[in-house]
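Q: I have a structure here, written as structure tokens, and I will follow up with some questions on it.
Numbering (the numbering used here), first residue to last: -18 to 93.
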């Protein structure tokens, strides 16, 4: 079981329910395939550095999870098939990145 982090950008024209539905779809996909969610963050609507699909903003979401490496390919194929997703990036976290992510989460909890 390895640690992974995925950041994805949703189309800004989606309604709140469509966004929740999309996030739940990918979360359920991970759980169904044996991954365990570590953290989930909604970063909200952010301005993009450059236009993607003629859009200047998008809804950012972050998933941090542990799971077998075999689920990453089908997981990313799901992102490619969903037209609500503008961009995504999944990275494997090493031990230093895991520690940094945990420290960042604790900082966010302290602020809230």
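Backbone N, C-alpha and C fix where the C-beta goes; we use that ideal spot for every residue, glycine too.
For a test of the three-state rule: what should DSSP assign to residue 30, helix, strand or coil?
A: As a first step, residue 30 must be located in the chain shown, where it is residue number 49. Residue 30: strand per DSSP, three-state reduction.
Q: So the beta strand (DSSP E) residue 35 belongs to, where does it begin and stop?
A: Here residue 35 corresponds to residue number 54 of the chain shown, with the count starting at 1. Here residue 35 belongs to no beta strand (DSSP E), and DSSP marks it neither H nor E.
Q: Answer yes or no: do residue 17 and residue -11 have a C-beta to C-beta separation smaller than 8 Å?
A: Residue 17 sits at position 36 when you count from the first residue of the chain shown. Residue -11 sits at position 8 when you count from the first residue of the chain shown. The answer is no: Cβ separation not under 8 Å.
Q: Around the C-beta of residue -13, are 16 or more other C-beta atoms found within 10 angstroms, so that it is buried, or is it exposed?
A: On the chain shown, position 6 is the one that residue -13 refers to. Under this definition residue -13 is a buried residue.
Q: Whole angstroms is fine: what's the gap from residue 13's alpha carbon to residue 56's?
A: The sequence position of residue 13 within the chain shown is 32, counting from 1. The sequence position of residue 56 within the chain shown is 75, counting from 1. Rounded to whole angstroms, residue 13 to residue 56 spans 11 Å at the Cα level.
Q: Quick one: measure Cβ to Cβ for residue 0 and residue -9, integer angstroms, because I've assumed they're closer than 8 Å.
A: Indexing the chain shown from 1 puts residue 0 at position 19. Indexing the chain shown from 1 puts residue -9 at position 10. Yes, residue 0 and residue -9 are in contact; Cβ-Cβ is about 6 Å, under 8 Å.
Q: Quick one: is the Cβ of residue 88 within less than 7 Å of any heavy atom of the ligand NAP?
A: Absent from the structure shown: the ligand NAP. Ligands present: none.
Q: Relative to the C-alpha of residue 37, which residue among 43, 44, 26 is closest?
A: Start at 1 with the first residue of the chain shown, and residue 37 comes out as number 56. Ranking 43, 44, 26 by Cα distance to residue 37 puts 26 first.
Q: Based on Cα-Cα distance, which residue from 40, 82, 74 lies nearest to residue 29?
A: Within the chain shown, the letter at position 48 stands for residue 29. Ranking 40, 82, 74 by Cα distance to residue 29 puts 40 first.
Q: Given a cut-off of 8 Å on the beta-carbon distance, is the pair residue 15 and residue 50 in contact?
A: The residue you call residue 15 lines up with position 34 of the chain shown. The residue you call residue 50 lines up with position 69 of the chain shown. Their beta carbons are not under 8 Å apart, which means residue 15 does not touch residue 50 by this criterion.
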